[in-house]
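Participant: Sharing a structure, written as structure tokens. Questions coming.
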Amino acid sequence: MAISLFFSANVYQLSMQEFDKGVNLAPDVIMQMPDYAQSGMISTFRNQIQDERKQRYNEARARVLSRLFMVNLVILAGGGFLCYHLARRTLQPIEEAHEVQSRFTADASHELRTPIAAMQSETEVALMNPKLTLEKAKDLLRSNLEELGKLTKLSEGLLRLAQLENNDLHRQQISLGRVAQDAVSRVLPLAEAKNILISSDVPSNLRVMGEEVSLAESLIILLDNAVKYSPEKTEVNISAHKTQKHVVVTVQDHGAGIKATELPHIFDRFYRADTARSKQHANGYGLGLAIAKNIVDMHGGSLSAQSRIGVGSTFTIQLPKA
Ligand code: ADP
0 MAISLFFSAN
10 VYQLSMQEFD
20 KGVNLAPDVI
30 MQMPDYAQSG
40 MISTFRNQIQ
50 DERKQRYNEA
60 RARVLSRLFM
70 VNLVILAGGG
80 FLCYHLARRT
90 LQPIEEAHEV
100 QSRFTADASH
110 ELRTPIAAMQ
120 SETEVALMNP
130 KLTLEKAKDL
140 LRSNLEELGK
150 LTKLSEGLLR
160 LAQLENNDLH
170 RQQISLGRVA
180 QDAVSRVLPL
190 AEAKNILISS
200 DVPSNLRVMG
210 EEVSLAESLI
220 ILLDNAVKYS
230 PEKTEVNISA
240 HKTQKHVVVT
250 VQDHGAGIKA
260 TELPHIFDRF
270 YRADTARSKQ
280 HANGYGLGLA
290 IAKNIVDMHG
300 GSLSAQSRIG
310 VGSTFTIQLP
320 KA
């Protein structure tokens, strides 16, 4: 607006100067006639011409002024409109990030408060009981220990997410077969407890550029979920193959499955699908898949899921070839 006003003032000044020149310099036989040669009629005619010129000058001035005013008004309105839209577009990702951050903080506080509140109330009730037996006190300690375990798991998850946001990976050529073997061996006790068979079909010569510990962590999360959300005596399979540009790893189970409406949200932090199975029987905080996705993203890959209720789920990791 300042630039536009500056130019408008200059245009106005220049125009006025040119008009002045035009009016004053206009050669006119009548206007230049010596006074003694002027009859009464010529003098009247001369006055009329002068009046006419003055009027035209004023009209031109008003036209220039109104045109400049209109131009500035359009620039103000158009510029304002454009600025508003650009500002909104610029601020939108910041607003979204802010919203995600506040939701995350609210969810984290809620999840932290629940076990703390449970421990507090149980301890208060126990302390108020004058006939508290040793057995009851031990039960209370056991329950508190369980809640503390949950708190530890939650804080580890939160810490891991924060680390992934701030740290760089130390990538090198690694054998995917070894990473998968390591992940399977970590989940095996849980699978055996549910009589679930984990079959692995990952060629040992498949190599990717990555951080071994982090990639193993993401596979453990997927395998752990596959076991957690599958009924007993089913099978979980981990396999991998090469394509032209990628190495693709899939973890497939024949478990509860995820509703199509919930599928887009499962990678959100603290999101837990609304199946009775996931909320009541399988403990967790909805951080696992967010961590796994972060890890895969940091490797320049992608993590996706396909699932059908009652049929099972398949999680696919695509990593760039080494
Ligand atoms: P958590 O398992 O701790 O709840 P995750 O982030 O690992 O958190 O998973 C988010 C949600 O996605 C889970 O609560 C569960 O509802 C759903 N989910 C993940 N993996 C599977 C799976 N293999 N089968 C069915 N549901 C799954």
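Residue numbers (numbering that gives the first Met the number 0): 0 to 321.
Note that the Cβ used here is the ideal one computed from N, Cα and C, for glycine as well.
Within a Cβ cutoff of 7 Å, which residues of the same chain sit near SER142, ignoring the five residues on either side of it in sequence?
Facilitator: Correct list, in chain order: GLU121.
Participant: Which ranges would you report for the beta strand (DSSP E) in the region 214-262 if only whole runs of at least 3 residues count?
Facilitator: The region 214-262 contains these whole beta strand (DSSP E) runs: 234-241 and 245-251.
Participant: Assuming VAL250 and ALA272 are in contact, meaning their beta carbons sit under 8 Å apart, how far apart are those beta carbons, in whole angstroms?
Facilitator: Their Cβ separation, rounded to whole angstroms, is 17 Å, which puts VAL250 and ALA272 out of contact at 8 Å.
Participant: So, helix, strand or coil for ALA182, using DSSP?
Facilitator: Helix at ALA182.
Participant: Check for me: the alpha helix (DSSP H) holding ILE48 runs from which residue to which?
Facilitator: Unbroken alpha helix (DSSP H) run through ILE48: 39-127.
Participant: Alpha carbons only, please: which of TYR270, ALA289, SER229 and GLN317 is nearest the one belonging to LYS356?
Facilitator: Outside the shown range of the chain, which is 0 to 321, sits residue 356, and nothing can be said about it.
Participant: Do you know offhand how far GLU134's Cα is from HIS169's?
Facilitator: If you take the alpha carbons of GLU134 and HIS169, they lie about 50 Å apart.
Participant: Is ALA275 helix, strand or coil by DSSP?
Facilitator: Low local confidence applies: a pLDDT of 46 at ALA275 is under 50, so the model's placement there is unreliable, with the coordinate-based value given in what follows. Reduced to three states, the DSSP call for ALA275 is helix.
Participant: Whole angstroms is fine: what's the gap from PRO188's alpha carbon to GLN91's?
Facilitator: About 46 Å.
Participant: On the DSSP bridge assignment, give the partners of GLY311 in chain order.
Facilitator: DSSP, once it has assigned bridges, lists ARG307 as partnering GLY311.
Participant: Which of the three DSSP states, helix, strand or coil, is assigned to GLY285?
Facilitator: The answer is coil: DSSP assigns GLY285 none of H, G, I, E or B.
Participant: In the structure shown, what three-state DSSP assignment does ARG268 receive?
Facilitator: The answer is coil: DSSP assigns ARG268 none of H, G, I, E or B.
Participant: State the beta-bridge partners of ILE173 as determined by DSSP.
Facilitator: For ILE173, which the question treats as bridged, DSSP gives the partners VAL207.
Participant: In whole angstroms, give me the CA-to-CA distance for GLY209 and HIS109.
Facilitator: So the two alpha carbons sit approximately 35 Å from each other.
Participant: Within 8 Å, do at least three Cβ pairs link the region 282-293 to the region 213-224?
Facilitator: Segments in contact, yes.
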